[in-house]
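These notes concern the structure reproduced below.
In C-alpha coordinates form, the structure reads like this:
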(Lines of atoms letter the chains of each structure in order from A and count residues from 1; the text may use other names and numbers.)
(Lines give C-alpha, C1' and ligand atoms only; values in the text may rest on other atoms or scores of the structure.)
Protein backbone atom coordinates (compact mmCIF):
# COMPACT_ATOMS: atom_id res chain seq x y z
CA UNK A 1 0.00 0.00 0.00
CA UNK A 2 1.12 3.52 -0.87
CA UNK A 3 -0.85 5.74 1.53
CA UNK A 4 -0.79 9.50 0.94
CA UNK A 5 -1.74 11.64 3.93
CA UNK A 6 -2.72 15.09 2.65
CA UNK A 7 -3.05 16.38 6.23
CA UNK A 8 -4.63 19.88 6.17
CA UNK A 9 -2.34 21.45 3.60
CA UNK A 10 -4.23 24.19 1.79
CA UNK A 11 -3.01 23.10 -1.65
CA UNK A 12 -4.89 19.83 -1.06
CA UNK A 13 -8.11 21.36 0.23
CA UNK A 14 -10.09 22.11 -2.94
CA UNK A 15 -10.53 21.03 -6.56
CA UNK A 16 -6.79 20.44 -6.93
CA UNK A 17 -7.23 17.45 -4.63
CA UNK A 18 -9.86 15.99 -6.94
CA UNK A 19 -7.46 16.29 -9.86
CA UNK A 20 -4.74 14.66 -7.76
CA UNK A 21 -7.01 11.71 -6.94
CA UNK A 22 -7.87 11.25 -10.61
CA UNK A 23 -4.17 11.33 -11.46
CA UNK A 24 -3.41 8.83 -8.71
CA UNK A 25 -5.99 6.49 -10.20
CA UNK A 26 -4.14 6.60 -13.53
CA UNK A 27 -0.82 5.87 -11.80
CA UNK A 28 -2.33 2.94 -9.91
CA UNK A 29 -4.01 1.56 -13.00
CA UNK A 30 -0.81 1.77 -15.03
CA UNK A 31 1.49 -0.09 -12.65
CA UNK A 32 -0.82 -2.01 -10.31
CA UNK A 33 0.31 -0.40 -7.05
CA UNK A 34 -2.42 0.04 -4.45
CA UNK A 35 -2.67 3.77 -3.74
CA UNK A 36 -4.87 5.08 -0.93
CA UNK A 37 -5.41 8.79 -0.28
CA UNK A 38 -6.30 10.41 3.04
CA UNK A 39 -7.51 13.95 2.25
CA UNK A 40 -8.61 16.71 4.60
CA UNK A 41 -11.71 15.49 6.40
CA UNK A 42 -14.11 17.93 4.75
CA UNK A 43 -13.37 16.37 1.33
CA UNK A 44 -13.88 12.71 2.21
CA UNK A 45 -17.26 12.05 0.60
CA UNK A 46 -16.55 14.39 -2.33
CA UNK A 47 -13.53 12.32 -3.38
CA UNK A 48 -15.15 8.88 -3.38
CA UNK A 49 -16.02 7.20 -6.65
CA UNK A 50 -12.90 8.38 -8.51
CA UNK A 51 -11.18 4.99 -8.62
CA UNK A 52 -9.00 5.42 -5.52
CA UNK A 53 -9.82 4.26 -2.00
CA UNK A 54 -10.32 7.23 0.31
CA UNK A 55 -9.28 7.02 3.96
CA UNK A 56 -10.06 9.32 6.87
CA UNK A 57 -7.25 10.90 8.88
CA UNK A 58 -8.98 10.23 12.21
CA UNK A 59 -12.20 8.93 13.72
CA UNK A 60 -13.63 9.26 17.21
CA UNK A 61 -14.95 6.55 19.49
CA UNK A 62 -18.36 8.25 19.62
CA UNK A 63 -21.45 6.54 18.25
CA UNK A 64 -23.96 7.95 15.74
CA UNK A 65 -26.67 10.07 17.29
CA UNK A 66 -26.09 12.64 20.02
CA UNK A 67 -22.38 13.12 19.34
CA UNK A 68 -22.11 16.65 17.99
CA UNK A 69 -18.80 17.43 16.31
CA UNK A 70 -17.48 13.87 16.46
CA UNK A 71 -16.45 11.83 13.44
CA UNK A 72 -18.08 8.41 13.66
CA UNK A 73 -16.90 5.35 11.71
CA UNK A 74 -20.46 4.30 10.96
CA UNK A 75 -21.25 7.50 9.06
CA UNK A 76 -17.95 7.31 7.20
CA UNK A 77 -18.83 3.77 6.16
CA UNK A 78 -22.18 4.99 4.87
CA UNK A 79 -20.31 7.60 2.80
CA UNK A 80 -18.13 5.01 1.08
CA UNK A 81 -14.94 5.68 3.04
CA UNK A 82 -12.38 2.84 2.94
CA UNK A 83 -10.97 3.16 6.44
CA UNK A 84 -9.01 5.50 8.67
CA UNK A 85 -5.63 6.43 10.06
CA UNK A 86 -5.51 6.04 13.84
CA UNK A 87 -3.13 7.61 16.37
CA UNK A 88 -1.07 9.75 13.99
CA UNK A 89 1.77 11.65 15.67
CA UNK A 90 -0.25 14.84 15.20
CA UNK A 91 -3.41 13.30 16.71
CA UNK A 92 -2.42 10.76 19.36
CA UNK A 93 -5.08 8.87 21.31
CA UNK A 94 -4.98 6.52 24.34
CA UNK A 95 -4.35 2.77 23.78
CA UNK A 96 -7.88 1.88 24.92
CA UNK A 97 -9.31 4.18 22.24
CA UNK A 98 -7.03 2.62 19.62
CA UNK A 99 -8.28 -0.84 20.55
CA UNK A 100 -11.93 0.22 20.55
CA UNK A 101 -11.57 1.93 17.17
CA UNK A 102 -9.92 -1.12 15.60
CA UNK A 103 -12.76 -3.31 16.90
CA UNK A 104 -15.42 -0.98 15.48
CA UNK A 105 -13.70 -0.83 12.10
CA UNK A 106 -13.48 -4.61 11.92
CA UNK A 107 -17.21 -4.87 12.56
CA UNK A 108 -17.81 -2.36 9.75
CA UNK A 109 -15.31 -4.09 7.42
CA UNK A 110 -13.24 -0.92 7.19
CA UNK A 111 -9.44 -0.76 7.04
CA UNK A 112 -7.41 0.40 10.04
CA UNK A 113 -3.92 1.95 9.87
CA UNK A 114 -2.48 2.56 13.34
CA UNK A 115 0.50 4.93 13.49
CA UNK A 116 3.26 4.22 15.99
CA UNK A 117 6.47 5.96 17.04
CA UNK A 118 8.65 3.09 18.25
CA UNK A 119 9.20 -0.64 17.89
CA UNK A 120 7.62 -1.33 21.30
CA UNK A 121 4.51 0.66 20.41
CA UNK A 122 4.35 -1.09 17.05
CA UNK A 123 4.31 -4.51 18.71
CA UNK A 124 1.76 -3.36 21.29
CA UNK A 125 -0.59 -2.08 18.59
CA UNK A 126 -0.02 -5.09 16.32
CA UNK A 127 -1.38 -7.27 19.13
CA UNK A 128 -4.66 -5.36 18.73
CA UNK A 129 -4.85 -6.82 15.19
CA UNK A 130 -5.37 -3.77 12.99
CA UNK A 131 -4.96 -4.21 9.27
CA UNK A 132 -1.76 -2.16 9.27
CA UNK A 133 0.63 -0.51 11.68
CA UNK A 134 2.72 2.36 10.33
CA UNK A 135 5.91 3.11 12.25
CA UNK A 136 6.90 6.78 11.98
CA UNK A 137 9.65 8.25 14.18
CA UNK A 138 8.32 11.76 14.84
CA UNK A 139 11.74 13.40 14.63
CA UNK A 140 11.94 12.49 10.91
CA UNK A 141 8.43 13.55 9.87
CA UNK A 142 8.58 16.31 7.27
CA UNK A 143 12.40 16.40 7.19
CA UNK A 144 13.05 14.67 3.88
CA UNK A 145 15.33 12.28 5.79
CA UNK A 146 13.80 8.85 5.33
CA UNK A 147 13.21 6.29 8.06
CA UNK A 148 14.39 3.61 5.63
CA UNK A 149 17.83 5.19 5.25
CA UNK A 150 18.27 7.07 8.54
CA UNK A 151 16.79 4.52 10.96
CA UNK A 152 16.50 1.22 9.07
CA UNK A 153 16.75 -0.85 12.25
CA UNK A 154 13.33 0.46 13.31
CA UNK A 155 11.71 -1.20 10.30
CA UNK A 156 13.76 -4.37 10.61
CA UNK A 157 13.11 -4.75 14.34
CA UNK A 158 9.40 -3.96 13.98
CA UNK A 159 9.10 -6.58 11.24
CA UNK A 160 10.98 -9.13 13.34
CA UNK A 161 8.79 -8.50 16.36
CA UNK A 162 5.57 -8.68 14.36
CA UNK A 163 6.66 -11.99 12.81
CA UNK A 164 6.51 -13.52 16.29
CA UNK A 165 2.83 -12.59 16.71
CA UNK A 166 -0.17 -14.61 15.59
CA UNK A 167 -1.58 -11.78 13.52
CA UNK A 168 -2.05 -10.86 9.87
CA UNK A 169 -1.29 -7.19 10.55
CA UNK A 170 0.99 -5.71 7.90
CA UNK A 171 3.76 -3.20 8.44
CA UNK A 172 3.97 0.22 6.83
CA UNK A 173 6.60 2.84 7.52
CA UNK A 174 6.71 6.58 7.11
CA UNK A 175 8.58 9.80 7.90
CA UNK A 176 10.84 11.55 5.44
CA UNK A 177 10.08 9.36 2.42
CA UNK A 178 10.59 11.44 -0.72
CA UNK A 179 11.72 9.18 -3.59
CA UNK A 180 11.69 5.70 -5.05
CA UNK A 181 14.94 4.70 -3.38
CA UNK A 182 13.38 5.38 0.03
CA UNK A 183 10.43 3.15 -0.86
CA UNK A 184 12.65 0.41 -2.25
CA UNK A 185 14.76 0.40 0.91
CA UNK A 186 11.63 0.18 3.08
CA UNK A 187 10.33 -2.81 1.15
CA UNK A 188 13.70 -4.60 1.36
CA UNK A 189 13.69 -4.08 5.14
CA UNK A 190 10.33 -5.84 5.48
CA UNK A 191 7.67 -3.15 5.13
CA UNK A 192 4.57 -3.91 3.05
CA UNK A 193 4.17 -0.28 2.05
CA UNK A 194 4.74 3.32 3.03
CA UNK A 195 2.87 6.31 4.44
CA UNK A 196 3.85 9.61 2.81
CA UNK A 197 2.72 13.21 3.35
CA UNK A 198 4.83 16.27 2.53
CA UNK A 199 7.12 14.25 0.24
CA UNK A 200 4.23 14.16 -2.23
CA UNK A 201 1.75 16.79 -1.11
CA UNK A 202 4.10 19.78 -0.80
CA UNK A 203 6.16 19.33 -3.98
CA UNK A 204 5.62 21.25 -7.22
CA UNK A 205 4.69 18.13 -9.23
CA UNK A 206 2.96 15.73 -6.81
CA UNK A 207 1.81 13.27 -9.46
CA UNK A 208 5.32 12.97 -10.84
CA UNK A 209 6.66 12.07 -7.40
CA UNK A 210 3.71 9.76 -6.77
CA UNK A 211 4.51 7.87 -9.96
CA UNK A 212 8.15 7.43 -8.89
CA UNK A 213 7.08 6.10 -5.49
CA UNK A 214 4.53 3.75 -7.04
CA UNK A 215 7.02 2.45 -9.59
CA UNK A 216 9.37 1.49 -6.75
CA UNK A 217 6.84 -1.15 -5.70
CA UNK A 218 7.32 -2.79 -9.09
CA UNK A 219 10.86 -1.89 -10.17
CA UNK A 220 13.96 -1.39 -8.06
CA UNK A 221 15.26 2.14 -8.81
CA UNK A 222 18.89 2.51 -9.80
CA UNK A 223 21.29 3.60 -7.06
CA UNK A 224 22.80 7.05 -7.54
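Residue numbers (the numbering used here): 232 to 455. Note that CB positions come from ideal geometry on N, CA and C, so glycine has one too.
Can you tell me which residues form a DSSP beta bridge with residue i?
{"i": "residue 314", "result": "286 and 342"}
{"i": "residue 365", "result": "346 and 403"}
{"i": "residue 333", "result": "Paired residue(s): none; residue 333 is not in a bridge."}
{"i": "residue 408", "result": "In the DSSP output, where bridge partners are listed per residue, residue 408 has none listed."}
{"i": "residue 425", "result": "233 and 404"}
So the alpha helix (DSSP H) residue i belongs to, where does it begin and stop?
{"i": "residue 416", "result": "411-419"}
{"i": "residue 307", "result": "304-309"}
{"i": "residue 233", "result": "That residue, residue 233, is in no alpha helix (DSSP H); its beta strand (DSSP E) goes 233-236."}
{"i": "residue 380", "result": "378-381"}
{"i": "residue 259", "result": "246-262"}
{"i": "residue 446", "result": "437-446"}
Since residue i and residue j should fall inside the 8 Å C-beta cutoff, what is the C-beta to C-beta distance between them, to a whole number of angstroms?
{"i": "residue 400", "j": "residue 361", "result": "6 Å"}
{"i": "residue 418", "j": "residue 383", "result": "That pair is no contact at about 12 Å."}
{"i": "residue 505", "j": "residue 376", "result": "Outside the modelled stretch of the chain, which goes from 232 to 455, sits residue 505, for which no answer is possible."}
{"i": "residue 380", "j": "residue 422", "result": "Going by Cβ atoms, the distance from residue 380 to residue 422 rounds to 13 Å, so no, they are not a contact pair."}
{"i": "residue 485", "j": "residue 353", "result": "Not covered by the structure: residue 485. The range shown for the chain is 232 to 455."}
{"i": "residue 367", "j": "residue 426", "result": "7 Å"}
{"i": "residue 345", "j": "residue 329", "result": "6 Å"}
{"i": "residue 233", "j": "residue 266", "result": "5 Å"}
{"i": "residue 331", "j": "residue 292", "result": "5 Å"}
{"i": "residue 431", "j": "residue 235", "result": "5 Å"}
{"i": "residue 262", "j": "residue 435", "result": "Contact flag wrong, Cβ pair sits at about 22 Å."}
Could you check which residue in the options has the C-alpha nearest to that of residue i?
{"i": "residue 350", "options": "394, 415 and 269", "result": "394"}
{"i": "residue 247", "options": "416, 271 and 382", "result": "271"}
{"i": "residue 365", "options": "403, 288, 257 and 237", "result": "403"}
{"i": "residue 429", "options": "250, 268, 249 and 261", "result": "268"}
{"i": "residue 424", "options": "286, 264, 288 and 293", "result": "264"}
{"i": "residue 327", "options": "405, 358 and 238", "result": "358"}
{"i": "residue 311", "options": "287, 252 and 348", "result": "287"}
{"i": "residue 340", "options": "241, 277, 308 and 409", "result": "308"}
{"i": "residue 409", "options": "397, 372 and 398", "result": "372"}
{"i": "residue 253", "options": "277, 343 and 446", "result": "277"}
{"i": "residue 413", "options": "450, 297, 344 and 295", "result": "450"}
{"i": "residue 274", "options": "378, 243 and 266", "result": "243"}
{"i": "residue 378", "options": "233, 405 and 249", "result": "405"}
{"i": "residue 321", "options": "289, 293, 343 and 431", "result": "289"}
{"i": "residue 411", "options": "448, 398, 396 and 232", "result": "448"}
{"i": "residue 250", "options": "279, 239 and 238", "result": "279"}
{"i": "residue 324", "options": "356, 241 and 296", "result": "356"}
Looking at the unbroken beta strand (DSSP E) that takes in residue i, where does it start and where does it end?
{"i": "residue 429", "result": "First-last for residue 429: 429-432, but that is the alpha helix (DSSP H), not the beta strand (DSSP E)."}
{"i": "residue 180", "result": "As displayed, the chain neither begins before 232 nor continues past 455, which places residue 180 out of reach and without an answer."}
Between the segment 437-444 and the segment 378-393, are three or more C-beta pairs nearer than 8 Å?
In this structure the segment 437-444 does not touch the segment 378-393; the number of beta carbon pairs closer than 8 Å is below three.
Count Cβ pairs between the segment 298-305 and the segment 335-342 that sit closer than 8 Å; are there 3 or more?
Touching, yes, given that three or more Cβ pairs across the two stretches are closer than 8 Å.
Per the contact definition of three or more C-beta pairs closer than 8 Å, is the segment 306-322 in contact with the segment 247-261?
Cβ pair count under 8 Å is below three, so no.
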